[in-house]
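> What follows is a structure written as structure tokens; I'll ask about it next.
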Amino acid sequence: MISKIIFSLSTLSGVGLFLMLTQTSPNKVGPLGILILFMMVYLVFLGVISFFLYGSYRVFSIAVVYFRKGQPVVQKEVKTPGFFLKYSAALAFAPISLIAKQSTGGVGIFEILLLTIIEIIAIIYISKR
């Protein structure tokens, strides 16, 4: 169920983002419109990253089953799309923060390194919970 909600929100945000970027300008929409733009970008990245994480998990799971045909099966915990939603929520923050930093100044190697460290800390925090 959560995967359908993520897919629907991501698709609707992608359509809204396309319409907003082609039909309006920042002067017309104002600050609230720019906030909505950032929210839609976040939701699109959330859906794309979540789809990529869950899809790669499924591909590797099928590959392990395929290549270990004659060996005993080790039962492991099945991961749901909700599990990957936690990680994708943290990872989807990176493009938004890069766009925000680009609008206030410039993005250099220091900013990218700092954002990478923040993302690593977020992933470690999520994995420990």
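Each residue of the sequence shown is one higher than the one before, counting from 1 in my numbering.
Where is the CB? At the ideal position from N, CA and C, for every residue including glycine.
Report buried or exposed for Leu19, applying the criterion of at least 16 other Cβ atoms within 10 angstroms of its Cβ.
By the 10 Å Cβ count, Leu19 comes out exposed.
> I'd like the span of the alpha helix (DSSP H) that includes Gly30, first residue to last.
26-67 is the span of the alpha helix (DSSP H), which, as asked, contains Gly30.
> With DSSP run on the structure shown, which of helix, strand or coil describes Met20?
Three-state result, Met20: helix.
> In the DSSP assignment, find the alpha helix (DSSP H) that holds Gly82 and state where it starts and stops.
Run containing Gly82: 81-91, per the alpha helix (DSSP H) assignment.
> Classify Pro31 as buried or exposed, calling it buried when 16 or more other Cβ atoms lie within 10 Å of its own Cβ.
It is exposed - the Cβ of Pro31 has fewer than 16 other Cβ atoms within 10 Å.
> Cα-Cα, which of Ser3, Pro81, Lys86 is closest to Arg129?
Ranking Ser3, Pro81, Lys86 by Cα distance to Arg129 puts Lys86 first.
> Closest to Leu35 by C-alpha separation, out of Phe52, Ala100, Val48, Tyr125, would be which residue?
Of Phe52, Ala100, Val48, Tyr125, the residue nearest in Cα terms is Ala100.
> For Gln102, does the three-state DSSP call read helix, strand or coil?
Three-state DSSP puts Gln102 in a helix.
> Can you give me the start and stop residues for the alpha helix (DSSP H) that Glu119 sits inside?
Glu119 -> alpha helix (DSSP H) spans 109-128.
> Thinking just about the alpha-carbon of each residue, which of Met1, Gly82, Arg68, Leu114 is nearest to the one in Ile137?
Residue 137 cannot be examined here, being either before or after the span of the chain that is shown, 1 to 129.
> Between Phe83 and the ligand NAP, is there a pair consisting of the residue's CB and a ligand heavy atom that are separated by less than 8 Å?
Questions concerning the ligand NAP fall outside what the structure shown contains, since it holds no ligand whatsoever.
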